[in-house]
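The structure under discussion appears below in the form of structure tokens.
Number of protein chains: 2
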Amino acid sequence: MATPFPLPDPMRRALDLARAAEQAGEVPIGAVVTLDGRIIGEGENRNRRDNDPTAHAEMVAIRAAAAHLKDFRLTGCDLWVTLEPCPMCAGALSHARIARLYYAAADPKGGAIEQGPRLFTQPQCLHRPEVYGGIAETEASALLRDFFLARR
Amino acid sequence: MATPFPLPDPMRRALDLARAAEQAGEVPIGAVVTLDGRIIGEGENRNRRDNDPTAHAEMVAIRAAAAHLKDFRLTGCDLWVTLEPCPMCAGALSHARIARLYYAAADPKGGAIEQGPRLFTQPQCLHRPEVYGGIAETEASALLRDFFLARR
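Structure, rendered in structure tokens:
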């Protein structure tokens, strides 16, 4: 079932980036950072292409946005991503002071937001974004499922 | 009290990198990645210099080592760092398949290895490095304490 309302533009763009990652042989995950509704950083999974274990979509988008703003904090910025962030990316979101996190599919295997370590609920966590999950969940889940089925 | 045995060379180098970070006005943390005892990647905290919220010493060292090996996995490699890794860096260590983690000072405020979320003990965690803490703890703690005292 498709999402019963028009997708927000940033999530639509994140899905396009996920498809681009798939075309490049990477796990299909995409992310964008917005400020006042405008995209200021984009990323897709690039682990294999860049020989970089840290190059998840969120990390690439955060680094691009920070370079764009010439600031190591993305105060007031939002991040949109097609899959629930892992511990590495959740930690980076917190360090970057991301205001709101919007994600599509939940990740029972690797997610760190609403399952597993639930990093933003840890007493140590210094900055907790607002979290909105499930936007475009159907589309994002289908992309990942098809990718992993094709590789079995 | 100084560590009562000669410091391993990789931790000595990580401490030198931490001091270099301090000279550059960054939080004094350094890290190296070794393979068969040889350093193949180095990093120091570069958040402010690089406008990059992800540029912790461990992340910089991991990315350098992966670029050197032209592989997004650092299988069989060890990481040496002057402070207990945070959730972001612990997640990256796991993604990179680091075999052994050696760290100096514990970090009650931000550490994710032996306190807080204890990421490597989470059932979700797919790869757990062996962990050795407390090497050069005195030297590393003094560096950080002096840095933060000077900035009060």
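Protein sequence lines correspond, in order, to chains G and X.
Note that the working numbering gives residue 434 to position 134 of the first sequence, counting from 1, and the numbers run on in steps of one.
Note that the working numbering gives residue 385 to position 85 of the second sequence, counting from 1, and the numbers run on in steps of one.
Positions of the beta carbon are idealized from the N, C-alpha and C atoms, including for glycine.
Starting from the beta carbon of residue i, find every residue of chain X whose beta carbon is closer than 7 Å, and list them in chain order.
i, result
"G:N351", "A366, A367, K370, D371 and F372"
"G:L419", "P387 and P417"
"G:A406", "Residues of chain X passing the Cβ test: none, with the nearest at roughly 13 Å."
Nearest-angstrom Cα distance between residue i and residue j?
i, j, result
"X:I435", "G:H427", "30 Å"
"X:S441", "G:N351", "33 Å"
"G:L444", "X:R445", "46 Å"
"G:F447", "G:R397", "32 Å"
"X:M311", "G:A450", "44 Å"
"G:Q337", "G:T421", "Note that residue 337 of chain G corresponds to Gly in the displayed sequence, not to Gln. Straight-line Cα distance between these residues: approximately 27 Å."
"G:E437", "G:Q424", "30 Å"
"X:M301", "X:V431", "Low confidence applies here, because X:M301 scores a pLDDT of 45, under 50, leaving its location unreliable; read the following figure in that light. Approximately 23 Å, taken between the alpha carbons."
"X:E358", "G:L383", "25 Å"
"X:P328", "X:A321", "5 Å"
"X:T334", "G:P308", "45 Å"
"X:I364", "X:F372", "First, the residue type needs correcting, since residue 364 of chain X is Ala and not Ile in the sequence shown. Whole-angstrom Cα-Cα distance: 11 Å."
"G:R400", "X:I340", "37 Å"
"G:W380", "G:R418", "18 Å"
"G:P353", "X:A366", "7 Å"
"G:I413", "G:A331", "16 Å"
"G:K409", "G:P387", "11 Å"
"G:L369", "G:H395", "15 Å"
"G:D378", "G:Y403", "11 Å"
"G:A390", "X:E439", "30 Å"
"G:A355", "G:Q323", "17 Å"
"X:G343", "G:Q415", "31 Å"
"G:D316", "X:N345", "33 Å"
"X:G411", "X:R319", "20 Å"
"X:A392", "X:P429", "11 Å"
Check the Cβ of residue i against every Cβ in chain G and list those closer than 8 Å, keeping chain order.
i, result
"X:P328", "Within 8 Å Cβ-Cβ: nothing; X:P328 doesn't reach chain G, min ~16 Å."
Contact criterion: CB-CB distance below 7 Å. Does residue i meet it with respect to chain X?
i, result
"G:G416", "yes"
"G:M311", "no"
"G:R319", "no"
"G:N345", "no"
"G:R348", "yes"
"G:M301", "Reliability of the predicted coordinates at G:M301 is poor, the pLDDT of 45 falling under 50, and the value obtained from them is presented with this limitation in mind. False, the Cβ-Cβ gap to chain X never drops below 7 Å."
"G:R451", "no"
For residue i, does the count of other Cβ atoms within 10 angstroms reach 16, so buried, or fall short, so exposed?
i, result
"G:T375", "exposed"
"G:N347", "buried"
"X:D407", "buried"
"G:A314", "buried"
"X:F305", "exposed"
"G:A361", "buried"
"X:G325", "exposed"
I want to verify the contact list: residues of chain G whose CB lies under 9 Å from the CB of residue i, in sequence order.
i, result
"X:I362", "D352, P353 and T354"
"X:L379", "Correct list: empty, because the minimum Cβ distance to chain G is about 12 Å."
"X:A396", "P353 and T354"
Kindly list, in the order they appear in chain G, the residues whose Cβ is closer than 7 Å to that of residue i.
i, result
"X:C386", "G391"
"X:G410", "Q424"
I'd like to know whether the C-beta of residue i is nearer than 7 Å to at least one C-beta of chain G.
i, result
"X:H427", "no"
"X:F448", "no"
Which chain X residues are close to residue i, counting only those with a beta carbon under 9 Å from its beta carbon?
i, result
"G:R400", "Here the premise fails: no neighbours, minimum Cβ distance about 16 Å."
Subject >> Whole beta strand (DSSP E) elements within the region 338 to 417 of chain G, 3-residue minimum >> reply: 338 to 344, 378 to 383 and 400 to 405
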